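This report concerns only the one structure given below.
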Ligand SMILES: [Zn+2]
Ligand SMILES: [Zn+2]
């Protein structure tokens, strides 16, 4: 039997990953392109690692299909998180019933 806690933890981990992990952009910003660097954008700041490091303005242009893809990823994670929370609630309720019956 899988424990619902572990699926909740997994969902939380996924959610925090999409917030903290930089996202590799297929079309780099001009700074990254000039330096031949990988353009890794942080969703929380909207800037790429290179520009954050150098504290410069990032002119990264995220195209609509890319945003849509990011939004879909986030939406999927959000639903996983909700599902995991529901599972955990069910699990707690079962535990309470069991304990009540034991008395
Ligand atoms: Zn960049
Ligand atoms: Zn940049």
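Residue numbers (this note's numbering): 73 to 175. Here a beta-carbon is modelled for each residue, glycine too, at the ideal position from N, C-alpha and C. Since this is a predicted model, take the numbers as computed values, not measurements.
- Boundaries cannot be given for residue 129, as no alpha helix (DSSP H) includes it and DSSP labels it neither H nor E.
- Taking all protein chains in view, the Cβ of residue 100 is crowded by 16 or more other Cβ atoms within 10 Å, so the residue is classified as buried.
- In the three-state reduction of the DSSP assignment, residue 101 falls in the coil class, being assigned neither a helical nor a strand state.
- Each of 87, 131, 118, 163 was checked against the Cα of residue 106, and the nearest Cα belongs to 131.
- At the C-beta level, residue 149 and residue 86 come within 8 Å of one another.
- A straight line joining the alpha-carbon of residue 162 with that of residue 141 spans about 32 Å.
- A Cβ closer than 7 Å to some heavy atom of ligand 2 marks a residue here, and those residues are 101, 103, 104, 111, 119, 120, 122, 123, 130, 131, 132.
- For the pair residue 127 and residue 89, the Cα-to-Cα distance works out to about 23 Å.
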